[in-house]
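In this note's numbering, the protein residues as written are 3 to 614. A short write-up of the structure that comes next.
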Amino acid sequence: MDRTAFLPVSLRDMNGRGWDACDFVIVSGDAYVDHPSFAAAMLGRVLEAEGYRVGIVAQPAWQGPEAARDLLACGSPRLAWLVSAGAMDSMVARYTANNKPRSEDAYTPGNVPGKRPDRAILAYVSAIKSLSGGAPVIIGGIEASLRRFAHYDYWSNTVRRSALLDSKADLLVYGMGERPIVEIAARLSETARLNEPSAREPAGADPGKLRGIRGTVWRTGKEADVPADALRLPSFDEIKVDKRSYCTHYLLQEENSDPANAQRLAERSEARFVVQELPSEPLDQETFDRVMELPFTRVWHPDYDAAGGIPALSEVRFSLTSSRGCFGACSFCAITFHQGRRIQARSHASLEREARRMTADPQFKGYIHDVGGPTANFRVPSCAAQETRGSCKDRQCLGARPCPALKPDHTDYLALLRRLRGVPGVKKVFVRSGIRFDYLMLDPDGDEFLRELCEHHVSGQLKVAPEHSSDRVLSLMRKSTNAAYRSFEARYAEINRELGKKQYLVPYYIAGHPGATLEDAIDTALALKKTGFAPDQVQDFYPTPGTLATCMYHTGLDPFSGEEVHVARGGRERALQRALLQFNKKENHPLVREALGMVHREDLIPVLLGKG
C-alpha cells in the first residue's frame, strides 16, 4: 500500500507532504499498525482529524547512537511528544508470569522479541529529554495509566513511585485518551499561537497550562498547588512500608474511578505531589462511531512487509470493536481501571458500515472473526442508575452475588449480530472475545440469545472463563459461583444437542491466584477429572499494576475485609498448582505427585493419574 496513506514515519514522508515540522510526534513501543485497535494510530488519527500534523516513531532504539536516528526520525515536534509503551505494559510484553524472557512479541515485525526496553516509558522519556529540548513530553497508554500513582512492581518486588515522577514527564494521560488529547492539543496550540512570532518558547513551559484536564495526572513540588478538594491518598512513604495503608491506597483509587462520582486524588511522594484530575467522560455513541471510522488503512505500515508484517494484526483485522468498558470488574483484570465500568457502545449503523468496508478487502474470506469488546455481551448499562449516577462505589454489578439492580439484556447485541450476518459478502459472524456466561444465565430471555449464538456465531468452540472451581477463590476473583458455570455448561450442551451440533466449551483457568491453595487446586483438578475435561492451557496469575488481585498478592490481605489471604509467591507452588490443573499431561505427573504428597493426599494419585 502507498505509504502516503499512513501517518508520516520519517522526514522523507513529511517532506512529501510539504511539512517542515510535526505538531506532535507519537513514540510507541509497538510497531505502527494503522488500525483503531492500536492506540498510537487511534490517537494519531484523532489529532489529524482536528487539523494537527502528527508523526509516528515506532519501536525506536533508546540508547546509543541509534537513539538519535530513530527518535528524531520525524524531527522534534512543535507542540509535544506523546509517549507510550504500547498496547501492553512493557514488562508484561517482555516477560512471562514466571519472569522469564518471552521468545516472541506479536506487536513487533516478524514476532521478534526484545525490540522495546524494560519500563519503556522511563527509557523513552529519558532518551527524548537528552536529545530534544523544548517541547513537553506527555506519557499515556496502559503502562502509564496503571502506574499513575505509586504501585507494587512484581518484577522488582518493590513499591515504585508514580511513572510520572520516575520518568520526569510533564503530564500523564490515564484511561482512554481521545478526549484528553484533544483538550491538551487545544491548550498547547493556543499557547504556541500566543508565543508567535517569538523564538519557540516551549508550549508547556508553564505547568499550570496543562492542569485541570480530565483524564490526566500532573506533578508539583509545592503543597500549595494541590487542590483543596482533592482526596489525599496514603503517601508513598506510608504504602511502601505498611501493607494496610497500601490496601487503603488501592481502595480509594477504585472508589474514585467513575467520572460521575469521583473526587480528585492527590498522593505525596517524599517532597513531591501527584494530582489526578477527574476521570475523562466516556465517549458518547456519536463520538465513538466517528473515531472508529476515521480514515485508517487497517493494515501495518509497508516498512514491515519484508519482515512478514505484525502478527497482532491478525487477531483484529477482520474483527469489530462494538463496545468499551466492563462492569464485570474481575479482580485480576485492569480493564475496568483503564476503560471504566460504564459501557460505551457503537451504533449498529457504524458497525455495519465497517463490515461492508471489510468485505471489500481482497484478503477478506467472508468471516468476521469477532464482534465484541472487553466482554462481548455487554452492550447496555448494567442498570438504569449507572448512566446518571455512575458505578456504585460500594457494590459490584456481577460476581458471586449479583446486584439486585442488574438488568441483564441481550436484545441489542442479538439485533446487532442479526444485522451483521445479513451484510452481503459476510458468510459467518463469530463471537470470540468471550462472553460472561453468568450475565447470560441471569437474563430471563437469555435462551434466545444462547440458541442463536450456538447456531450462528460459534466456530466449533466457545471460549469462556470460569477461572476456578472453588467458590471462595472465585469470590476473591469477583467471579460467579462454580454452580453458575455448571448450569451454563449444561444448557450450552443441551442447546447444541437440540441443534444437532458438536460444539464445545473451552474454559480458561488461572493457577496461583491470591487466595488459592494447593487444596483448592486439587479440588479443581478433581472437578475437571469428573467432567472428563483437562485444559490445554492454564494461565499463571500475573501480578500486573492496577488490579485488585495484585494488591492482594503484594499485601497478603483482602483489602475489603482486611482478612489475610494465602499467596503462592514462589515459582514452585505456582508450578504445582498449574500442574494439578493440567494433571492429564505426562510431564506434570511428578509435580502432581509432589503436590498431593505435600498435603497428604496420596490417595488421590490413582484418581488423578489413572486412566479411569
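The C-beta atom is built at its ideal place from N, Cα and C for all residues, glycine as well.
Cβ neighbours of residue i in the same chain (closer than 6 Å, five flanking residues each side left out)
i	result
residue 155	162
residue 437	378 and 379
residue 57	10, 24, 27 and 76
residue 283	261
residue 569	516, 555 and 558
residue 234	268
residue 250	236
residue 611	591
residue 463	506 and 508
Selected residue, minimal CA-CA separation from residue i, among the options
i	options	result
residue 430	607, 437, 421 and 301	421
residue 165	147, 248, 71 and 610	147
residue 216	251, 280, 157 and 264	280
residue 372	383, 386, 363 and 357	357
residue 413	407, 534, 401 and 451	451
residue 548	253, 449 and 228	253
residue 16	54, 361, 37 and 234	54
residue 149	189, 93 and 99	93
residue 341	3, 4 and 41	41
residue 499	466, 485, 489 and 456	456
residue 37	603, 320 and 151	320
residue 310	449, 113 and 128	113
residue 352	290, 130, 397 and 364	290
residue 603	545, 520 and 539	520
residue 238	213, 264, 286 and 153	153
residue 6	299, 197 and 246	299
Burial state of residue i, where buried means 16 or more other Cβ atoms lie within 10 Å
i	result
residue 502	exposed
residue 65	exposed
residue 390	exposed
residue 424	exposed
residue 461	exposed
residue 22	exposed
residue 384	buried
residue 68	exposed
residue 91	buried
residue 8	buried
residue 111	buried
residue 562	exposed
residue 288	exposed
residue 406	exposed
residue 472	buried
residue 360	buried
residue 201	Residue confidence is low: residue 201 scores 39 on pLDDT, short of 50, so the model does not pin down where it sits. No coordinate-derived value is stated.
residue 121	buried
Close-in-space but distant-in-sequence residues of the same chain around residue i (CB under 8 Å, 5 per side omitted)
i	result
residue 13	75, 76 and 77
residue 124	165, 168 and 169
residue 104	95, 96, 97, 98 and 115
Contacting residues, own chain, Cβ-Cβ under 7 Å from residue i (five flanking each side not counted)
i	result
residue 590	581 and 584
residue 491	507
residue 593	577, 578 and 581
residue 211	189 and 193
Beta-carbon separation (whole angstroms), residue i vs residue j, contact threshold 8 Å
i	j	result
residue 567	residue 559	7 Å
residue 375	residue 326	6 Å
residue 416	residue 454	6 Å
residue 108	residue 304	No, residue 108 and residue 304 are not in contact; Cβ-Cβ is about 19 Å, not under 8 Å.
residue 350	residue 444	The pair is not a contact, with the Cβ atoms about 24 Å apart (cut-off 8 Å).
residue 576	residue 534	Contact flag wrong, Cβ pair sits at about 26 Å.
residue 302	residue 315	6 Å
residue 324	residue 381	7 Å
residue 466	residue 410	In fact, because the Cβ distance is near 16 Å, the residues do not count as touching under 8 Å.
residue 400	residue 330	5 Å
residue 479	residue 293	So it is not a contact: roughly 33 Å between Cβ atoms.
Would the stretch 264-274 and the stretch 315-335 be scored as touching if the rule is three or more Cβ pairs under 8 Å?
-> Result no; under three Cβ-Cβ pairs closer than 8 Å.
Between the stretch 172-182 and the stretch 40-52, do at least 3 Cβ pairs fall closer than 8 Å?
-> yes
When the Cβ atoms of the stretch 217-228 are set against those of the stretch 524-538, are three or more pairs found closer than 8 Å?
-> The stretch 217-228 is not in contact with the stretch 524-538.
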